[in-house]
Amino acid sequence: MTITAEEFRETVERDGVLERLLSSSQQLSYDPQTEVDWDAPVDPLAHGVNPEWCTLYGTDLWESMTPEQQATLTRHEAASVASIGIWFEMLLQQMLLVDIYDKDYTTPEFQFALTEIADECRHSIMFAKGAQLLAGRTYMPHPRLHRAARLLKLIARGEVAYTSILVAEEVLDVMQRDWMRGEGVAPQMKTICKIHVVEESRHMKFARHETIEAMKGAGRLRRQVSGFLIATVGYYIVKSLVRPGVYEAAGLDVQEAREVARTNKHHQALMRLSCIHLMDFLSEAGLLTGPAKRIYQRVHMI
Ligand SMILES: [Fe+2]
Ligand SMILES: [Fe+2]
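For the sequence shown, this note's numbering begins at 276 and goes up steadily by one.
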C-alpha cells in the first residue's frame, strides 16, 4: 500500500503525540495502594468533597444541617461519584479493548490504549477503597441505566467511544482539581484526586486526539448521530453522579433533598462553569449539534 506525503506526515505527527503520552505515563504514574494512607482514621468532620461542590450547598436545607450532617453528606457524595466513576471506567475499558482489537500491536496508539486500561484498573480499585473508607459503602447507578449501558459497549466506536470517555473524564477532572486542594477534605481523598487528575490528563489528551482523528471527513449525518449519542451518555453520567441514597445516609428526607438539589442554582452554575472547555472542544469537533446542546442544557452542562 502506498501512502501520500501528507498521510505520512500525519502519521508521524500522530505517533509523536502518542509516544509522548506513553513516555509521560512511564515517568509519572502512581500506585494508590502505597500512595494513599488507607489505615489512617477519617475525622467525622472531614469532608469528602469541597462543601461548595455538594449538591445542597447554598440552599436553606444546607444551612439547616449540622456540621456533622454536612460532612457526612459530602463524604457520601464523594463515594457516589467514585462509584459512578468505577462503573464508567469499566465501560470505557471495554470500549477501548473493542476499539483496538484489530489494531497493529506495535503502534503507540495500541500501547497507549492498554496503558490507559491499566491506569483505569488501578483507579477503580482506588475509588472502591476510597468509597469504603469515606462512606463505608459504594453506590450503583439506576438498575435500568446499568442494564442499558451494556448496549453502549456494543455500539460505541470511534468518536462515540472516545468523546463519551472524554465527557466523563472532563467532568470528573474539574471537580477533582478542586477537591485535591480542598480545605477540610479528608487527606486520603485529596491524594486520590491528585492521582486521578495527573493520570487522567493523559487520557483526556488521548481521547481528544482520537476524537479529532475519527471526525476527519465526517459528514453532517454522522455528526448529528454521534453528537446525540455522546450527549445522551453525558446526560446520564452527570445525572447519576450523586445517587439519592446519599441524602438518606445524611439523615435527610430523600424526596425533599432531591428536589432541593434538582433546583439548586449554585450547583447548576458550577456545572456550567466546569463544562466551558469541554463544550468548546465539542463545538470545534462538530459534535455540539442543536439536539446535543438541548440535552446538555437539561443537566446544566451548558
Ligand atoms: Fe480513571
Ligand atoms: Fe481515564
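The beta-carbon is built from N, C-alpha and C at its ideal position, and this holds for glycine as well.
Looking only at its own chain, which residues have a Cβ that is under 8 Å from the Cβ of residue i, when we skip the five neighbours before and after it?
i: Leu427; result: Leu366, Met370, Ser439, Val508
i: Val356; result: Val324, Leu447, Met450, Leu516, Val517
i: Ala560; result: Glu434, Thr438, Thr486, Ile487, Met490
i: His421; result: Trp362, Met415
i: Pro566; result: Gln499, Gly502, Phe503, Ala506
i: Met479; result: Leu441, Glu444, Glu445, Asp448
Which residues in the same chain have their Cβ closer than 7 Å to the Cβ of residue i, if we skip the five residues on either side of it in sequence?
i: Cys468; result: Gln451, Trp454, Met455
i: Ile577; result: Arg547, Cys550, Met554, Lys568, Tyr571
i: Phe387; result: Leu293, Leu296, Leu297, Phe481
i: Gly520; result: Tyr414
i: Thr341; result: none
i: Leu563; result: Gly502, Met554, Leu557
i: Ala541; result: Reading the sequence as shown, one finds His at residue 541 and not Ala. Answer for His541: Tyr332, Gly333, listed in chain order.
Please look up how many angstroms separate the CB atoms of residue i and residue j, rounded, as I've assumed it's under 8 Å.
i: Val535; j: Thr334; result: 5 Å
i: Asp312; j: Gln463; result: 6 Å
i: Ile470; j: Glu310; result: 6 Å
i: Leu409; j: Ala461; result: 6 Å
i: Arg483; j: Ser299; result: With 8 Å as the limit, Arg483 and Ser299 do not qualify as a contact, their Cβ atoms being about 15 Å apart.
i: Asp374; j: Arg432; result: 7 Å
i: Gly457; j: Lys465; result: 7 Å
i: Gln407; j: Ile392; result: Contact doesn't hold; Cβ gap of about 23 Å is too wide.
Whose C-beta lies closer than 6 Å to the C-beta of residue i among residues of the same chain, with five residues either side of it excluded?
i: Tyr522; result: Val529, Ala532
i: Phe402; result: Ala357, Gly360, Ile361
i: Thr475; result: A small fix is needed here, since residue 475 is Glu in this sequence, not Thr. Contacts found: Glu444, Asp448.
i: Ala346; result: Leu320, His322
i: Met276; result: Legend: pLDDT at Met276 = 48, less than 50; position of this residue unreliable, value from coordinates given subsequently. The answer is none, since no qualifying residue turns up.
Can you tell me where the alpha helix (DSSP H) holding residue i begins and where it ends?
i: Trp337; result: 335 to 339
i: Trp362; result: 342 to 375
i: Pro416; result: Segment: none, Pro416 is in no alpha helix (DSSP H) and carries neither H nor E.
i: Ile551; result: 551 to 559
i: Cys396; result: 383 to 410
i: Ala567; result: 565 to 573
i: Thr507; result: 495 to 515
i: Glu523; result: 520 to 524
i: Arg266; result: Residue 266 lies beyond the range of the chain shown here (276 to 577); nothing can be said about it.
Complete alpha helix (DSSP H) runs within the stretch 443 to 492 (minimum length 4 residues, chain order) = 462 to 490
Tell me, please, whether the stretch 389 to 404 touches the stretch 303 to 319 by the rule of three or more beta-carbon pairs shorter than 8 Å.
-> yes
Below 8 Å, can you find three or more Cβ-Cβ pairs linking the stretch 310 to 326 to the stretch 521 to 532?
-> no
Assess, as a yes-or-no matter, whether the stretch 404 to 414 is touched by the stretch 337 to 354 under the definition of 3 or more beta carbon pairs within less than 8 Å.
-> yes
Residue ranges of each beta strand (DSSP E) run of no fewer than 3 residues wholly in the stretch 290 to 316, ordered along the chain?
-> none
Meets three-Cβ-pair contact criterion under 8 Å: the stretch 326 to 346 and the stretch 374 to 393 | no
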